[in-house]
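> Handing you a structure now.
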Amino acid sequence: MRGPHSGYLPPRPVLSAPRVAAPAGACDAHLHVIGPQALFPLAEGRAFTPQDAPLEALLHLHDTLGIDRAVVVQCNPHGTDNRALLDALRREPTRLRGVAIVAPGITRGELQRMAEGGVRALRFHHMPDAGSFSPQGMAAFTLLAPVMAELDLHAQFMLDANALDEVLPHFRHWKLPVVIDHMGNVDAARGTDQPAVRQLCRLLAEERIWVKVSAAYRISARPPDYPDARAVHEALIRANPDRILWGSDWPHTRLEHDMPDDTRLLDLFNEWTPDPAMRRAILVDNPARLYGFG
């Protein structure tokens with residue numbers, strides 16, 4: 035396992051607002067709060083060791099970008115210890131909602147307290163080639179789905195969309211909203227005719243999933259503008275703009291080169307989504323509906 039920092043880059047300082055101002059109520063629906071590790075230690079046996087990315091840095095980022103709301107997703111190196119996440123939600127109850135990672139044996143009472151504290155979803159992983167990077171997968175989802183349904187929690191999946199056929203039967207059994215991270219982690223270089231993108235689009239059109247058009251830099255090897263990711267982004271939005279969310283994926287963990295510019299990421303979203311009404315739906319209306327922002 036890598037030691038602390040160990041060559042991973044910190045996020046770039048954010049110095050300017052995007053060229054097109056975000057609409058009031060805009061939401062960054064995917065990012066992480068990490069540490070500070072002196073207060074909230076990382077999990078033993080973690081797959082990687084990130085630098086701290088505390089709430090104060092996140093709020094500065096969003097104040098600069100003009101983002102009013104955010105969904106904090108539990109970062110894998112914190113494992114099932116959600117204290118950093120819950121602390122952020124407690125400190126910013128109007129501005130933030132959360133997505134937790136929990137152990138399958140968690141009690142209903144513990145989950146209910148999380149929900150009352152602003153957690154709206156649980157995160158699961160189905161990345162067949164990721165090895166130890168998958169802390170909670172389909173087995174955990176199957177065990178937790180009944181109580182999630184009772185508490186009105188939805189499921190968020192970090193998955194390889196090429197493996198959708200393996201997980202769809204699990205989704206059909208439980209009528210929970212399902213959110214797919216990072217455009218399904220497809221390979222943007224393969225274009226939009228690849229089976230994984232076609233299936234994502236079909237499921238969006240059928241209103242069976244939500245998809246985050248986040249982390250273009252994780253599906254494209256062509257920084258800083260990720261032109262091959264644009265086609266995937268556009269195809270997903272065409273399939274169903276009312277089921278799309280945008281997220282920055284700040285602080286962009288596990289990168290040793292080509293750290294994204296967060297202002298540029300929001301500029302790219304605006305360029306790739308030129309219709310102001312559609313941008314408002316993705317940035318404001320959709321996350322407000324799914325995460326319960328007032």
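Residue numbering for the sequence shown follows this note's numbering, starting at 35 and increasing by one per position. The C-beta atom is built at its ideal place from N, Cα and C for all residues, glycine as well.
Identify the residues that DSSP records as bridge partners of M192: which are they?
Here residue 192 corresponds to residue number 158 of the sequence shown, with the count starting at 1. Note: M192 sits in a beta bridge opposite H159.
> So I271 is in the alpha helix (DSSP H); what residue range does that whole segment cover?
Taking the first residue of the sequence shown as position 1, residue 271 is located at position 237. First-last of the alpha helix (DSSP H) with I271: 261 to 273.
> Thinking D62 and H96 are a contact (beta carbons under 8 Å), I'd like their distance in whole angstroms, please.
Working through the sequence shown from its first residue, we reach residue 62 at position 28. Working through the sequence shown from its first residue, we reach residue 96 at position 62. Right, the Cβ-Cβ distance comes to about 6 Å (below 8 Å), so this counts as a contact.
> Which value, in whole angstroms, describes the spacing of the CA atoms of L156 and G225?
The residue given as residue 156 occupies position 122 in the sequence shown. The residue given as residue 225 occupies position 191 in the sequence shown. Computed Cα separation, rounded: 30 Å.
> Return the CA-CA distance between W280 and K246, expressed in angstroms with no decimal places.
As a working note, residue 280 is residue 246 in the sequence shown. As a working note, residue 246 is residue 212 in the sequence shown. About 5 Å.
> Would you mind reading off the limits of the alpha helix (DSSP H) that contains V67?
Position 33 of the sequence shown, counted from the first residue, corresponds to residue 67. Per DSSP, V67 belongs to no alpha helix (DSSP H) and is neither H nor E.
> Please report the Cβ distance between V266 and A222, rounded to the nearest whole angstrom; I am assuming they are in contact, meaning their Cβ atoms lie under 8 Å.
For the purposes of this step, residue 266 is taken as residue 232 along the sequence shown, with counting starting at 1. For the purposes of this step, residue 222 is taken as residue 188 along the sequence shown, with counting starting at 1. About 5 Å; that satisfies the 8 Å criterion.
> Beta-carbon separation of G112 and A118 under 7 Å?
Translated into positions along the sequence shown, residue 112 becomes position 78. Translated into positions along the sequence shown, residue 118 becomes position 84. As written in the sequence, residue 112 is His, which differs from the Gly given in the question. Yes; because the gap between Cβ atoms is below 7 Å, this pair is in contact.
> Comparing alpha-carbon positions, which option in F74, A77, G100 lies nearest R53?
By 1-based counting over the sequence shown, the position of residue 53 is 19. The residue with the shortest Cα to Cα distance from R53 is G100.
> State buried or exposed for S50, treating a residue as buried only when at least 16 other CB atoms are found within 10 Å of its CB.
Mapped onto the sequence shown, residue 50 falls at position 16. With fewer than 16 other Cβ atoms within 10 Å, it is exposed.
> Near V106, what residues of its chain come up, given a Cβ to Cβ distance below 6 Å and the 5 sequence neighbours on each side ignored?
Here residue 106 is taken as the residue at index 72 of the sequence shown, counted from 1. Once the five neighbours on either side are set aside, the close Cβ partners of V106 are V67, L119, A122, L130, G132.
> Using DSSP's beta-bridge definition, name the partner residues of V213.
If you number the sequence shown from 1, residue 213 lands on position 179. According to DSSP, which records beta bridges pairwise, V213 is partnered with Q190, W244.
> Decide yes or no for the touch test of the region 272 to 288 against the region 296 to 309: beta carbon pairs closer than 8 Å, at least 3 of them.
Cβ pair count under 8 Å is three or more, so yes.
> Hey, how far is the Cα of S168 from the Cα of H160?
Your numbering for residue 168 matches position 134 in the sequence shown. Your numbering for residue 160 matches position 126 in the sequence shown. Note on S168: pLDDT 47, under 50, position unreliable in the model; no value is reported.
> For A255, which of I316, G328, P57, V220 has the nearest alpha-carbon?
Locating residue 255 in the sequence shown gives position 221, where the first residue counts as 1. Answer by Cα proximity: V220.
> R298 lies in the alpha helix (DSSP H); which residues open and close that run?
Residue mapping note: residue 298 aligns to position 264 of the sequence shown, counting from 1. It spans 296 to 306 - the alpha helix (DSSP H) in which R298 sits, taken as one unbroken run.
> I'd like to confirm the pairing. Which residues does DSSP put opposite G132 in its beta bridges?
Taking the sequence shown and counting its residues from 1, one reaches residue 132 at position 98. Paired residues: V106, V153.
> Which residues does DSSP pair with I278 in a beta bridge?
Here residue 278 refers to the residue found at position 244 of the sequence shown. In the DSSP output, where bridge partners are listed per residue, I278 has V245.
> Under 7 Å, do P285 and A315 count as touching if we go by C-beta distance?
What you label residue 285 is simply residue 251 of the sequence shown in a count that begins at 1. What you label residue 315 is simply residue 281 of the sequence shown in a count that begins at 1. Contact flag unset, no.
> From this set, A60, A58, R80, P84, which residue's C-alpha is nearest P70's C-alpha?
Working through the sequence shown from its first residue, we reach residue 70 at position 36. It is P84 whose Cα lies nearest to the Cα of P70.
> Who are the Cβ neighbours of V212 in its own chain at under 6 Å, not counting the five residues just before and after it?
In the sequence shown, residue 212 corresponds to position 178, counting from 1. So the list reads A189, F205, I243, once near-sequence residues are dropped.
> What is the DSSP secondary structure of A77, reduced to helix, strand or coil?
Within the sequence shown, residue 77 is the residue found at index 43, counting from 1. In the structure shown, A77 sits in coil (DSSP, three-state: anything other than H, G, I, E or B).
> Got a sec? Which residues, its chain only, sit under 8 Å from K209 by beta carbon, not counting five neighbours each side?
For the purposes of this step, residue 209 is identified with residue 175 of the sequence shown, where counting begins at 1. Taken in chain order, the residues that qualify are A183.
> What's the C-alpha gap between G326 and A72?
Position 292 of the sequence shown holds residue 326. Position 38 of the sequence shown holds residue 72. The straight-line gap from Cα to Cα measures roughly 32 Å.
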